[in-house]
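Visitor: What follows is a structure written as structure tokens; I'll ask about it next.
In our numbering, the protein residues as written are -10 to 367.
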């Protein structure tokens, strides 16, 4: 796959992933915008993320005989219409828009990750994916922030709808290599479902732990003595270090194994999480922000590299986004419950537990197979 093709595919993937995660950033304003009780905002966000994760997993079953690129184009068109439906200030159309948007973007993410997973160098390709994702997500976040500040929450949805025509343009005559699958149901090679399922579980556990501590970073910043606005700004400063993490993954490439990369990431984040919640200070808070962004983005290409090893047609890399979205949905909710019942320090402890569980599960998935016993010669 040519670099230009990877970049185009990366941009389309960024449209899908950023589109499914940008709205939850304004969780606190959704209920007031629609004159609904606070629980409605959580229901809307969970419906969006849940539909995206579910359809990302179910796409090979629902669209088994459908060609990949036409399916991606149709998903973008449906997502654009759903974004526009969300501009109606009524709870029922809004929830429906969240469900349809999540379903369309989950399907799109299955296609883009299926194609990237069939690349001969999965880790290097996903490093580019992460670099593009950070740039695109930052631009979309800043654009939505500007529109919301000027015109209200509804103004973000026409802007997100405009990303769909951009995606269609990027997919126009996208060259696919001969090794890439043509239709959704195409597979090749031995099935390694057991290892793939264990790797995907590790992926989900990692993002549950990561999201638990990440969602509480502004609160930890306030506990360290910063104001709410200043703490949010300091978290925003960490985003460029995510770019550095992706760049480091691109430079190191396949010189280290996925097991080593994930082990290093888990060790660093699992130590940092309880430290910053038990003894929050400004220096430790800022250090954790940097480590969290850098190591999370650094590790993602190696998760996908391991999944890519298990099927050269990208059958298992296609499910990676569902694990990330599931973690992003479960982690913050679990952290809120833990903080309310036990306290802030416990959030760091439980995040560390989930991260260590992810590391152990990933190691289990990468254990070498025992050689088949050789029958004795009589």
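We put the CB at the ideal spot given by N, CA and C, even for glycine.
Rounded to whole angstroms, what is the Cα-Cα separation between residue 326 and residue 291?
Guide: The residue you call residue 326 lines up with position 337 of the chain shown. The residue you call residue 291 lines up with position 302 of the chain shown. Cα to Cα, the separation comes out at about 31 Å.
Visitor: Please report the residue range of the alpha helix (DSSP H) in which residue 84 lies.
Guide: Working through the chain shown from its first residue, we reach residue 84 at position 95. First-last of the alpha helix (DSSP H) with residue 84: 80 to 106.
Visitor: Got a sec? Which residues, its chain only, sit under 6 Å from residue 320 by beta carbon, not counting five neighbours each side?
Guide: One-based indexing of the chain shown puts residue 320 at position 331. 197, 200 and 201.
Visitor: So, helix, strand or coil for residue 367, using DSSP?
Guide: On the chain shown, position 378 is the one that residue 367 refers to. A caution first: residue 367 carries a pLDDT of 46, below 50, which makes its placement in the model too unreliable to give a value.
Visitor: For residue 64 and residue 74, I'd like the C-alpha separation in whole angstroms.
Guide: The residue labelled residue 64 in the question sits at position 75 within the chain shown. The residue labelled residue 74 in the question sits at position 85 within the chain shown. Each residue's Cα considered, the two are about 15 Å apart.
Visitor: Helix, strand or coil: how does DSSP classify residue 270 here?
Guide: Mapped onto the chain shown, residue 270 falls at position 281. Residue 270 falls in the coil class under three-state DSSP.
Visitor: Would you call the CB atoms of residue 315 and residue 193 closer than 8 Å?
Guide: What you label residue 315 is simply residue 326 of the chain shown in a count that begins at 1. What you label residue 193 is simply residue 204 of the chain shown in a count that begins at 1. Yes.
Visitor: So, with DSSP's three-state summary, where would you put residue 257?
Guide: For the purposes of this step, residue 257 is identified with residue 268 of the chain shown, where counting begins at 1. DSSP places residue 257 in helix when its eight states are reduced to three.
Visitor: Taking residue 311 as the reference, give the member of 25, 293, 149 and 350 with the closest Cα.
Guide: Within the chain shown, numbered from 1, the residue matching residue 311 stands at position 322. Here the closest residue by C-alpha is 293.
Visitor: Could you say which of 85, 60, 211 and 205 lies nearest to residue 451 if we only look at CA atoms?
Guide: Residue 451 falls outside the range modelled here, since the chain spans only -10 to 367, and no answer is possible.
Visitor: Go to residue 122, then tell me how far its alpha helix (DSSP H) extends in each direction, as first and last residue.
Guide: If you number the chain shown from 1, residue 122 lands on position 133. Residue 122 -> alpha helix (DSSP H) spans 111 to 140.
Visitor: Is it right to say residue 361 is buried, meaning 16 or more other beta carbons lie within 10 angstroms of its own, or is it exposed?
Guide: Numbered from its first residue, the chain shown carries residue 361 at position 372. For residue 361, the pLDDT reaches just 49, beneath the cut-off of 50, and the residue's location in the model is therefore unreliable, leaving the point undetermined.
Visitor: Report yes if the CB atom of residue 231 is closer than 8 Å to the CB atom of residue 282, and no otherwise.
Guide: Against the chain shown, residue 231 aligns to sequence position 242. Against the chain shown, residue 282 aligns to sequence position 293. Result yes, Cβ atoms of residue 231 and residue 282 sit closer than 8 Å.
Visitor: Classify residue 154: buried if its beta carbon has 16 or more other beta carbons within 10 angstroms, exposed otherwise.
Guide: The residue labelled residue 154 in the question sits at position 165 within the chain shown. With fewer than 16 Cβ atoms within 10 Å of its Cβ, residue 154 is classed as exposed.
Visitor: Cβ atoms of residue 227 and residue 286: under 8 Å apart, would you say?
Guide: The residue you call residue 286 lines up with position 297 of the chain shown. The residue you call residue 227 lines up with position 238 of the chain shown. Result no, Cβ atoms of residue 286 and residue 227 do not sit closer than 8 Å.
Visitor: Using a 10 Å radius around the Cβ and a threshold of 16 neighbouring Cβ atoms, would you call residue 107 buried or exposed?
Guide: Mapped onto the chain shown, residue 107 falls at position 118. Burial call: buried.
Visitor: I need the boundaries of the alpha helix (DSSP H) containing residue 320, first residue and last residue.
Guide: One-based indexing of the chain shown puts residue 320 at position 331. Taken as a continuous stretch (DSSP letters only), the alpha helix (DSSP H) holding residue 320 covers 309 to 330.
Visitor: Please go through the same chain and pick out, in chain order, the residues whose beta-carbon is closer than 8 Å to the beta-carbon of residue 207, but skip the five residues on each side of it.
Guide: Numbered from 1 along the chain shown, position 218 holds the residue referred to as residue 207. Within the same chain, residue 207 has close Cβ partners 217, 220, 221 and 224.
Visitor: Can at least three beta-carbon pairs, one atom from the stretch 253 to 263 and one from the stretch 134 to 141, be found at a separation below 8 Å?
Guide: Taking 8 Å as the limit for Cβ pairs, the verdict is that the stretch 134 to 141 does not touch the stretch 253 to 263.
Visitor: Residue 249: buried (16+ other C-beta within 10 angstroms of its C-beta) or exposed?
Guide: For the purposes of this step, residue 249 is identified with residue 260 of the chain shown, where counting begins at 1. Classification for residue 249: exposed.
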